[in-house]
Amino acid sequence: MLLTEEVYRPRKSVASLPLIAPATLAFFVFSERAYLERIFWIVTAISVAVALVIFILLRAIEIRLSPEGITFRAINGVRVIRWTELEAVEVRWVHTGKSSRRELVFRPRSDREARLNTGLYSRRSLQAIASAAIMMAPQAAIDNRVRRFAKGNFSWFSR
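Residues in the sequence shown are numbered consecutively from 1, following full-length UniProt numbering.
Right under this line is the structure:
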């Protein structure tokens, strides 16, 4: 049982990817040519700006677990799902073009589902969120993968 309120946020290290990749590429491509040095600084400035925007967007996201329910806070608002209203919790495999990702899906009885991208959260956070869902919502249909998350078993390569 949750005695206190717990807050989980996405990892902010994801914001460093748009900073590192283009800046490194620009360094290797344009380091030999002195007249293209300006392009290197433009690419670096754009990369820093994109990384800063992603960092700010990730900072706005939070998941709050309390004895009453789970609260999702994002840029577009706050959403609360009470543990008593939770119908199912599952891990869903989502294909997007040539890539794919896993989502932790919370389905309440009366409202639309809430989805978490598992790649943004640490394993410790995912384990705590899955454990809380299993413990606080015994009436919900819990996916076997969510039960494995709660035990700390993250088999990313099996469906």
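Think of the CB as a built atom: it goes at the ideal place given N, C-alpha and C, for glycine as much as any other residue.
A quick note: this is a predicted structure, and the numbers were derived from the prediction, not measured.
If you check the CB distance, N117 and R101 come in under 7 Å. Bridge partners of I63 according to DSSP: Y8, F72. Here V146 is buried. Its C-beta has 16 or more other C-beta atoms within 10 Å. DSSP places L120 outside any beta strand (DSSP E), giving it a letter other than H or E.
With fewer than 16 other Cβ atoms inside 10 Å of its own Cβ, S110 counts as exposed. Secondary structure in the region 81 to 106: no alpha helix (DSSP H) run of 4 residues or longer lies completely within the stretch.
Shown here for A88: same chain residues with a beta carbon closer than 7 Å to its own, the five before and five after excluded, namely R107, A140, A141 in chain order. Of R73, I42, I39, the smallest CA-CA separation from R59 is found for R73. With respect to the 7 Å criterion, E85 and V94 are not classified as neighbours on the basis of their beta carbons.
Nearest C-alpha to T44 among I20, F154, A137: I20.
If you draw a 10 Å sphere on the C-beta of A137, you find 16 or more other C-beta atoms in it, and that means buried.
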